[in-house]
Amino acid sequence: KHISYRNNILEIDMAMLKSTMKDKKDKLKITKSQQLKESLSKLKEDKLLRNINKEQQNYMITKKNWYKMCMNIRLPELRQTMEAAWHWCDHIFDMKEFIIYQLQNELEISHLQDGMKWQNYIKTVDKIIGSYLKVINNNEQLFKNMYEEMFNKNQTEISDQLEKLQDHEKHIKTILFASELKYDCNQISMQKDYVFKKDDEFKKNTHSLELICGKFDKLLQAAASAIKFAFLHYSENIEDLKQLFDGLKLKDDFYLNMINNQETKLNKLMDINIILQEQMNIETDLKINLSFLENEKNEVNMLYSITRKNRNKGNEIDENKIHFLTLESNKVLEHLNSLVEKGEKLLKLGSLCKQFETQGEKILSDSLIKASQFDGKDENILQVLDIFYYRLASINSSTIFLKNSLEELKKENTKLIKVFQFLVNQ
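For what it's worth, our numbering labels the leading residue of the sequence shown as 1211, then goes sequentially.
Here is the structure:
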């Protein structure tokens, strides 16, 4: 019993060991298979990463080449359009500079004309002032001459009147002296006669002599009073005449002053009339010059308005052309961007299609296959030929597509050249 029990235990232990060994082997197989799978997946991932990196590099290279090709295609056209626009802008700037130069010349000519007209105006004003000064000097000389003549006349008249007065005084003095002499002589003679008669008659009749003497005394007194009255009357008449003479002289002087003032006024009025006539002539000349300047101003304004309208029209035409060029350039850029997008899509499709290549297509390439390797007994020759013709067909299809795209680009290029020539001609 004990032996059988022990054998049973050993059998159970052996079974347990076998089961544990199987489990360990299974676990080892599972771990090995997992490690193999992981290593294979890592290898695949590494290959995929390498392929992705290569495809990204190829994508970037093809993208750069595509951009370069597009730029090489587009740059000459853009250069031509830019040169044409540049020449057109230079032409416009030259035209504008020429117009500005003409306007500046016209302004300089107008300034010179204004300066000449101002010089003529100043000369005419100087002439008027000189003529006015000459007239003033002539009038002053005439006034001086007239004043000297009037003064000389007055002096001569005064001297004549004084001489006349002196003559009258002398005549009066002579008359008085003669009258006094006669009076004295008569008185002496009368006294003598009286004395003699008195002596004679005294002897005859003293009474009659006294009467006669009284009568003679009365007569002498009456004669003396008459002489005195005549002298006083003469002196009073002379004073009245002097007063009348003075009044007449004052009136004469007053009238002479009035005449001189009237003459001076007349001369001034004549000078003013001459100056007014000259001023009227100057005003007429100035009106003619102003009308001429207004006509020139209107002509300049008309030319300026015409040039401004032409400039505005040119600006509008240039703006329209620039707008048209910008629209066409935007269309061309949009078309080129669409072509770039198409190229990018093709490259992306190529990169995506490369992922679906077979292992043989990845390993075998056209450069590695040589004619010496192919023998008639090779079993893989059909597979290689399939790959070759597949690639040949893909290359032919790509060449046909590129030819079609090239023809389309040529057509677009001709259209753009025609549009550019049309714009340049306008």
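Ideal Cβ placement from N, Cα and C applies to all residues, glycine included. Just so we're clear, the structure is a prediction, and the values are computed from it rather than from any experiment.
Pairwise C-beta distances place the segment 1511-1528 in contact with the segment 1297-1317, as three or more of them are shorter than 8 Å. Minimum Cα-Cα distance from Q1371 among the listed residues F1455, F1303, N1347 corresponds to F1455. Of all C-beta pairs linking the segment 1614-1632 to the segment 1281-1297, three or more are shorter than 8 Å, placing the two stretches in contact. Look at the beta carbons and you see the segment 1274-1284 not touching the segment 1485-1494: under three pairs across the two are nearer than 8 Å. Cα atoms of Q1489 and N1348: separation of roughly 20 Å, rounded to the nearest angstrom.
Judged by beta-carbon spacing, N1499 lies within the 7 Å limit of K1327, meaning their Cβ atoms are closer than that value. When the beta-carbon positions are compared, L1557 and Y1269 come within less than 7 Å of each other. For Q1472, the closest alpha carbon among the candidates F1353, N1315, E1622 is that of F1353. Under the rule that a run must span 4 or more residues, no alpha helix (DSSP H) segment is found entirely inside the segment 1486-1571. The beta-carbon distance between L1466 and M1360, rounded to whole angstroms, is 6 Å. This is short enough to meet the 8 Å contact definition. K1531 is a Cβ neighbour of L1633, given a cutoff of 7 Å.
Contact between A1295 and L1546 is ruled out by a C-beta separation of about 19 Å, above the 8 Å threshold. Counting the other CB atoms within 10 Å of its CB gives V1542 a total of 16 or more, which places it among the buried residues. A straight-line Cα-Cα distance of about 17 Å links N1282 and S1548.
The straight-line gap separating the alpha-carbon atoms of E1509 and E1316 is approximately 11 Å. Rounded to the nearest whole angstrom, the C-alpha separation of D1528 and E1551 is 33 Å.
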